[in-house]
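Note sheet for the following structure.
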Amino acid sequence: MRTLRAALAVSFLAVAYVLAAFALVGQQMAPRRRVRTSSDLGGLVLTEQEQPGLWAEVRALAATAGTRAPDEIRLVPEVNAAVSEETSLLGLRTGTRRMFLGVPLLQGLSRNQLHALLAHELGHHSTSHTRLGALIHRSRLAIAEVAASLSNPLVKRPFRTYARLFFSLTRPLAHAHEVDADRLSATVAGPRTAATTLRTLPALDAAWHIYLEQYVEAGTHYGLRPTRFFDNFTNLMSDPERLEELARISAAPPEAKTSAYDSHPPLSERIERLESMASADEDDKSDKSGNAASILRYPSQNFLALEDKTFAGSGLTPAPMAEIVSVAGARAAAINAETLLNAMQENQIVPATVRGALDLIASGNLDTLLDLVDIESTTPEAAGNEADEAKRKVIARLLGAAIAHELVGEDKARYELSWAGPWRLVDIAGQEVDPEELAYEALGSPGYAAALRAWVHQLDAQVDAETQAGPDAAPAPTPPDGYIGALAPISGDGFRTLLVTETGLMLLKPTGSDRLATGLATVTSGSPGRKLIQRALDRSPAELATASNAAYVPWDQIRALHLKQSSSGRRSADITTAAGKGWSLQWTNAAESEGHIWPAVDHYLGRRFTVD
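Every position in the sequence shown, counted from 1, becomes a number in our numbering once 119 is added.
Dropping the structure here:
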């Protein structure tokens, strides 16, 4: 039966050449599409001179597969491993062969699992079982590409009709070819490892989408992109909650939506076939091959180079992930808070504030808030309790955001990076709070609303209490006495000036008069950074340390300070205190400085000071 289908497939392929020629001639009547060239394939080329170990392993895998090794290997920022060829005559004639290696795969797979995956991809081009399998594989890809590129209706419809017939006829042959590629994968790495690899891929793909959508895209809205782009993905996958989530996906991987052109059998069928091939001996063996990234020489260096290339020309400013989620979390809360308070104002609810909303709930006037939300019920039955519950959830989300916005604006809480989150709101004691959940509870109980209102007020008292020394409190830090150096302007957490004193570091936020002075310095061709430094040095260190716009940290309370400099001239410093608080500061080479800042930091911190 397979022989008959093969003969028919060749016949159909011969007809396809004629139709493709007709399609390409007809395509001249339509607007030209941009042709992708090798200059914009993306990714980072890994040469054999730079990566001899990688190339040696890939050549060995190609030899096992009975096919030629790729002409080029590229590192790419996606969950993908593939071997593609530049073909002509609908796959009959082959050209440059390229292998693509996705960094997330190198981070999330073992070395043996990577071998299993690459063996499968090289198996698509193998002629060990039948030359026709590789030809059919290339032809299906080529026909799909031609069909997708057609825009002239005179040629698009007949060619796509033919393509569907061709794919329907060759699907069993393509499936058999995929099974052969899976068998090769099992031969190289073992059936159990090959099956585990197939289970792991959907989990890695899900994790990568979470990282891009919940973390990276949160920064792009504000012109920021994360530094250590790929390291962050490793951090996400290392989070205990994420690990549990990914383990559940691997245990029951979902079937991906496939197109009419896909040649793979169902994923569950492939996994079941490979697991049935595994022996008891293989089940007893643990994978000790190490992380797949070890296949590269200096992987971190390659990842950073790919990161720079990926974001080149994007116009995005690199920033630590902690700073990005702090900005994004605060901004998201501000937008939702504005939505609620504007609606209250438009409906003449006075005062249009968080406390005004809580007063309404506490006094039993919840419907006044719920009526701000317009819910369209899909059925008459949903007009009652179901609609009220939907309104309650909307108001809880907006009121929770308004509470969070107020707390952040008054320095009573802050958004912190959470790899399970993407962010979490913590109060001044470092405890996580969920204003949305608190608001939802308050909406269901006037008494709870009064308690929530009291809690918001109570934070003011907590701030005052923490600034006063009790009988058992730790001794107050020694006030600074004498400046060693200064740097401005800096950015991060609202600070603009960094001061180095004999007893610790001090960070200053600009006052209204500071902003006016630096604005005038810009207009008069002066230096805003120099003006900020002069205004800071005009006051004594002890006086500044107690100012409301200053943060002072003694040397013995600094757990770590990490200084980094990029090739673009942007510098940054990540500061972590013994209490767990942290700041991420940034500045450029254009910033003004006085004194010997970093030698002094090195002197006082010793091993706690590191430089990238």
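The C-beta atom is built at its ideal place from N, Cα and C for all residues, glycine as well.
This one's a predicted model, so the numbers in the text were calculated from it and none came from an experiment.
Residues sharing a beta bridge with residue i, DSSP
{"i": "Asn-410", "result": "Ser-229"}
{"i": "Phe-349", "result": "In the DSSP output, where bridge partners are listed per residue, Phe-349 has none listed."}
{"i": "Ala-607", "result": "Glu-711"}
{"i": "Trp-702", "result": "Ile-694"}
{"i": "Tyr-417", "result": "Partner(s): none; Tyr-417 has no beta bridge."}
{"i": "Gly-221", "result": "Val-195"}
{"i": "Thr-729", "result": "His-681"}
{"i": "Leu-617", "result": "Leu-606, Leu-626"}
DSSP state of residue i mapped onto helix, strand, coil
{"i": "Pro-321", "result": "helix"}
{"i": "Val-492", "result": "coil"}
{"i": "Tyr-330", "result": "helix"}
{"i": "Glu-535", "result": "strand"}
{"i": "Ile-422", "result": "Here the sequence assigns Phe to residue 422, which means Ile is not the residue at that position. Residue state, collapsed to three classes: helix."}
{"i": "Ser-203", "result": "strand"}
{"i": "His-340", "result": "coil"}
{"i": "His-234", "result": "helix"}
{"i": "Lys-650", "result": "helix"}
{"i": "Tyr-723", "result": "helix"}
{"i": "Arg-690", "result": "strand"}
{"i": "Ser-681", "result": "The displayed chain sequence assigns His, not Ser, to residue 681. The answer is strand: DSSP assigns His-681 an E or B state."}
{"i": "Gly-475", "result": "helix"}
{"i": "Pro-673", "result": "strand"}
{"i": "Glu-658", "result": "Per the sequence presented here, residue 658 reads as Arg, with Glu not at that position. Looking at Arg-658 - three-state DSSP - the assignment turns out to be coil, as it is neither helix nor strand."}
{"i": "Asp-486", "result": "helix"}
{"i": "Gly-309", "result": "coil"}
{"i": "Arg-216", "result": "strand"}
{"i": "Gly-242", "result": "helix"}
{"i": "Thr-630", "result": "coil"}
{"i": "Thr-316", "result": "helix"}
{"i": "Asn-668", "result": "coil"}
{"i": "Pro-384", "result": "coil"}
{"i": "Pro-373", "result": "coil"}
{"i": "Leu-160", "result": "coil"}
{"i": "Asp-358", "result": "coil"}
{"i": "Ala-573", "result": "helix"}
{"i": "Pro-598", "result": "coil"}
{"i": "Asp-299", "result": "helix"}
{"i": "Ala-366", "result": "helix"}
{"i": "Ser-304", "result": "helix"}
{"i": "Ser-405", "result": "coil"}
Distance CB(residue i)-CB(residue j) smaller than 8 Å
{"i": "Ala-189", "j": "Val-198", "result": "The sequence shown places Pro at residue 189, rather than the Ala named in the question. No, the pair does not count as a contact, with Cβ atoms beyond the cut-off."}
{"i": "Gly-475", "j": "Pro-565", "result": "no"}
{"i": "Leu-526", "j": "Leu-459", "result": "no"}
{"i": "Leu-323", "j": "Pro-223", "result": "yes"}
{"i": "Leu-612", "j": "Trp-542", "result": "Correcting the residue identity first, residue 612 is Asp in this sequence and not Leu. No, these two residues do not count as a Cβ contact at 8 Å."}
{"i": "Leu-562", "j": "Ala-515", "result": "yes"}
{"i": "Tyr-602", "j": "Thr-630", "result": "no"}
{"i": "Asn-231", "j": "Ala-181", "result": "no"}
{"i": "Asp-299", "j": "Ala-313", "result": "no"}
{"i": "Asn-455", "j": "Ala-539", "result": "no"}
{"i": "Ser-216", "j": "Arg-187", "result": "Residue identity check: residue 216 is Arg in the sequence provided, not Ser. A contact, by the Cβ cut-off of 8 Å."}
{"i": "Gly-338", "j": "Ala-438", "result": "yes"}
{"i": "Ala-184", "j": "Leu-317", "result": "no"}
{"i": "Ala-305", "j": "Leu-393", "result": "yes"}
{"i": "Asp-721", "j": "Lys-683", "result": "no"}
{"i": "Leu-571", "j": "Leu-477", "result": "yes"}
{"i": "Ala-397", "j": "Arg-311", "result": "yes"}
{"i": "Pro-660", "j": "Asp-600", "result": "yes"}
{"i": "Phe-349", "j": "Glu-426", "result": "yes"}
{"i": "Arg-386", "j": "Glu-374", "result": "Before going further, note that residue 386 is Leu rather than Arg in the sequence given. Cβ atoms of Leu-386 and Glu-374: closer than 8 Å."}
{"i": "Leu-163", "j": "Asn-410", "result": "no"}
Short CB-CB distance (under 8 Å) between residue i and chain D
{"i": "Ser-646", "result": "Absent from the structure is chain D; it holds one protein chain and no more."}
Inspect the CB distances between the segment 673-692 and the segment 619-626 and report whether three or more fall short of 8 Å. yes
Does the count of Cβ pairs from the segment 353-366 and the segment 427-434 closer than 8 Å reach three? no
Go through the segment 162-199 residue by residue and report every complete run of the alpha helix (DSSP H) that reaches 4 residues or more, in order. 171-184
Meets three-Cβ-pair contact criterion under 8 Å: the segment 646-655 and the segment 614-621: yes
Is it a yes or a no for the segment 703-716 touching the segment 603-610, going by three-plus beta-carbon pairs under 8 Å? yes
Segments assigned alpha helix (DSSP H), at least 4 residues, entirely inside the segment 502-570: 504-528, 554-562
Starting from the N-terminal side, write out each stretch of the beta strand (DSSP E) that is 3 residues or longer and does not extend beyond the segment 422-473. 436-438
Inspect the CB distances between the segment 324-341 and the segment 230-239 and report whether three or more fall short of 8 Å. no
If you pair each beta-carbon of the segment 442-457 with each one of the segment 527-542, do three or more pairs fall below 8 Å? yes
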